[in-house]
Amino acid sequence: MNLFPKINPYEKQFLKVDNNHELYIEQVGNPNGIPIIFLHGGPGAGLNEIYRQYFNPKIYRIIFFDQRGSGQSKPYASVENNTTQMLVEDIRKIANKLNLKKFILYGGSWGSTLALLYAQEYQETIYSLILRGVFLCRKKDINWFYQNGASKIFPDEWIKFTKDIPKEEHADFLKAYHTRIHSNDGNESKKFSKQWAEWEGCCSTLLPSKQVVKQFSDCAVSLSKIETHYFKNNCFIYENQILENIKKIKHLKTFIIHGRYDVVCPINQAYDLHQAHQNSELFIIDDAGHSLLENGITAKILEIFSEAEKLYD
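In C-alpha cells, the structure reads:
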C-alpha cells in the first residue's frame, strides 16, 4: 500500500460532551488545510494510527476522534448515554469547538452510517461525503451478518461464533451475545467479546488477514459492548431512515467505495444508496471485501483524496 509516511498529530485534546463522556480528538496535517472529519467504524472500534496515512498532510487538516466509549475516549466501553443521535451531536460539537463551518466528511462501515445521518441533519456544514463499506442499519443488514447470510460464506468461522450458544437461543444470536457480553461475569463477558470481534475480523477481508483480525481483537471489549448495544436497538433509527431521507442531501457530492465481495456489509447496501442518491458515484472494488486496509480500497481512497478540487468548493 502506497500510504503517506507515518505522522504524529499536531494537536491532541479531550472534549467533554456531557456529564459522562469525554471524547479524544487529534488533528493531523496542515492546520490551514482543507478540513476533513474522519468517522471510524464499529460502533466501538476506535482509531488506528494507520488511518492518518490516507491523507496528504500538506493539503488536508484531518480531525480524528474516538466516538463515545471507543479508543481513548472516556469512560471506555460505556454504553450509558450512547446513542446514534448523541454521536451526531458530538460531531457538531467537535466542529464548533474547532471553528469548522464546513468540512469534508469521511466515514467507513458504521462511520458511513453516521456520516449520512449527520449530513441529513446538518447538510449545510458539508462540502462532500466519502463513504467506504456502506452500512444502512436496516434490520435485514444486521440479520445478514449475525443471523442468516454471512454464515453461508464463512461456515467454518460461523461454527466458532455460535458453538457456545445453546440451541434454544439460536433464533436470535444477537440477543444471546448481548446478554453474555453485558454480563456481570467478567470471564464470560471477555470470552464472548473476543468471539464477537474475531467473527467480524475474519469476515472483513477477501483474503485472510491476521493484521485485520488483530485490529478487531485489540478493541474487542468496546467493539462488542457498543455494537451489541446499538444493533439490539436497531442503531436508534427507524427502519430505512437513511434512504427515506436521502433527498435532504441530494445536492451533496458523495463518493462511495465498496468491495464487491464485502461479506460484513454486502454491496447491495452501497448499490441501494447509489440508486437513491442522484449525486453519488459508486466505485466497486472487484478484488476486495470490507476492510479499509485492502489494497484495492486503499488505492481508490487515495485516488479520490488526491483530487481535492472535486471534494471542496
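For the sequence shown, the numbering used here gives the first residue as 33, with consecutive numbering after it. In this text, a Cβ means the ideal position worked out from N, Cα and C, and glycines have one as well.
Whose C-beta lies closer than 6 angstroms to the C-beta of I110 among residues of the same chain, with five residues either side of it excluded? Note that residue 110 corresponds to Ser in the displayed sequence, not to Ile. Cβ within range, chain order: G101.
Identify every run of the alpha helix (DSSP H) within the segment 102-173, keeping only runs that are complete inside it and at least 4 residues long; order them along the chain. 116-129, 142-153
Can you list, in chain order, the residues of its chain whose CB lies under 6 angstroms from that of K44, leaving out five sequence neighbours each side? E58
Specify the secondary structure class of Q301 as computed by DSSP and reduced to three states. helix
Tell me whether H22 is buried or exposed, calling it buried when 16 or more other Cβ atoms sit within 10 Å of its Cβ. Because the chain in this structure spans residues 33 to 345, residue 22 falls outside the shown range and cannot be described.
Does the distance from the CB of T237 to the CB of S323 come in under 8 angstroms? yes
Near R212, which residues of its chain fall below 6 angstroms by C-beta distance, leaving aside the five closest residues on each side in sequence? E220, F224
Secondary structure of E271, DSSP reduced to three states: coil
Sequence ranges, alpha helix (DSSP H) only - wholly within the segment 230-273, length at least 4: 242-250, 252-264
Segments assigned alpha helix (DSSP H), at least 4 residues, entirely inside the segment 183-231: 187-194, 205-213
Looking only at its chain, what residues have a beta carbon closer than 8 angstroms to the beta carbon of G328, apart from the 5 residues adjacent to it on each side? G291, I317, D318, D319, A320
Can you list, in chain order, the residues of its chain whose CB lies under 8 angstroms from that of A182, leaving out five sequence neighbours each side? W176, W190, C235, V295, V296
Have a look at the DSSP bridge pairing and note the partners of K44. E58
Candidates G73, R84, A340, A77, of which the one nearest N40 by Cα: R84
Could you check the C-alpha separation between L239 and E326 for me, to the nearest Å? 9 angstroms
Alpha helix (DSSP H) containing G291: first to last residue? Looking at the DSSP string, G291 is not in any alpha helix (DSSP H); the run it does join, the beta strand (DSSP E), is 285-291.
Following the continuous alpha helix (DSSP H) through F337, name the residue where it begins and the one where it ends. 327-337
Are there 16 or more other CB atoms within 10 angstroms of the CB of H202, so buried, or fewer, so exposed? exposed
Can the beta-carbon of S249 be found less than 8 angstroms from the beta-carbon of K222? no
Between the CA atoms of E232 and P75 - distance to the nearest angstrom: 12 angstroms
Applying the criterion that 16 or more other CB atoms from any shown protein chain within 10 Å of the CB defines a buried residue, is Q301 buried or exposed? buried
DSSP-derived helix/strand/coil call for Y344: coil
So, is N114 buried or exposed, given that buried needs 16 or more other C-beta atoms within 10 angstroms? buried
For a quick check, are the C-beta atoms of N272 and Q152 less than 8 angstroms apart? no
Closest to K279 by C-alpha separation, out of P107, D217, Q155, would be which residue? Q155
Can you confirm whether the segment 260-269 touches the segment 304-313 when touching is taken to mean that 3 or more C-beta pairs between the two stretches lie within less than 8 angstroms? no
Rank F135, G103, L168 by C-alpha distance to the C-alpha of D304 and give the top, closest one. L168
Our contact map puts L148 next to I299 with C-beta atoms below 8 angstroms; I'd like the distance itself, whole angstroms only. That pair is no contact at about 17 angstroms.
Taking Cβ to Cβ, would you say K332 is nearer than 8 angstroms to F315? yes
Where does R100 fall in DSSP's three states? coil
Specify the secondary structure class of F70 as computed by DSSP and reduced to three states. strand
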